[in-house]
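Residue numbers (my numbering): 65 to 287.
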């Protein structure tokens, strides 16, 4: 099954190796360079779970900016197809630069690539990364540590509310350097009446030991 088929079937899909171990260590090591970030969020304070994450500030690290720019056109056909199935507008232009310009004109000017750090006992509540009216329907998370070596637990969780059915959960352990594409808000699923929007939320299970870093790539900026 291709990543596109898996994405249509499950709402998320592993897409293979995106970063080398050296690149993973380089990005994870940025976490303590506070000047690179515009905001630090303590999840316990906001009842988001337990742990901490930081939003990168401009200029983004070259590697982070490159990943975002390269994946936008690959995900764009999926975004447009999903919008067509749900009879929704597809406001996304051909390039990330044009799309971010649209976000900025709408008052969404803050960069959203995110570096997350979890330690033993930390977890992330189910949520959606929505930062304004303009939303790109897919995003990517990349594992920066080795499961079973650097940490135990900390699986990626995705929960989907199926139309007129019980919720379905998907659990994915992120290998080091590999990316997972997943649904930002909702996605089309077949129903008796054609296509219906299936709401989706994501989170992280409790880290039982060690440290878990991930890089999150969101393709719309924040208000």
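Backbone N, C-alpha and C fix where the C-beta goes; we use that ideal spot for every residue, glycine too. Note that this is a predicted model, so its numbers are computed, not measured.
Presumed contact (8 Å Cβ cut-off) between residue i and residue j, rounded CB distance
i	j	result
residue 277	residue 208	4 Å
residue 192	residue 249	5 Å
residue 75	residue 224	5 Å
residue 217	residue 270	5 Å
Exposure of residue i, with buried meaning 16 or more beta-carbon neighbours within 10 Å
i	result
residue 287	exposed
residue 215	buried
residue 96	exposed
residue 194	exposed
residue 188	buried
residue 132	buried
residue 65	exposed
residue 236	buried
residue 98	exposed
residue 229	exposed
C-alpha gap between residue i and residue j, whole angstroms
i	j	result
residue 158	residue 165	12 Å
residue 168	residue 281	17 Å
residue 127	residue 232	34 Å
residue 148	residue 154	8 Å
residue 255	residue 210	39 Å
residue 258	residue 146	13 Å
residue 238	residue 205	9 Å
residue 90	residue 227	42 Å
residue 279	residue 243	9 Å
residue 87	residue 80	15 Å
Neighbourhood of residue i by C-beta, 6 Å cutoff - its chain only, sequence neighbours within 5 removed
i	result
residue 118	101, 104, 179
residue 267	188, 189, 190, 221
residue 125	none
Contacts around residue i, its chain only, beta-carbon distance under 7 Å, and the 5 residues preceding and following it disregarded
i	result
residue 173	285
Own chain, CB closer than 8 Å to residue i, minus 5 neighbours either side, in chain order
i	result
residue 113	107, 186, 187, 188, 189, 267, 268
Counting only runs that start and end within the region 207–237, where is the beta strand (DSSP E) found for 3 or more residues in a row? 215–217, 220–225, 231–236
Give, in chain order, every unbroken run of the alpha helix (DSSP H) that is at least 4 residues long and sits entirely within the region 117–201. 126–149, 160–169
Along the chain, which unbroken stretches of the beta strand (DSSP E) at least 3 residues long are found entirely within the region 251–284? 258–268, 271–282
Let me know the beta strand (DSSP E) ranges lying completely inside the region 84–117, each 3 residues or longer, listed in chain order. 101–106
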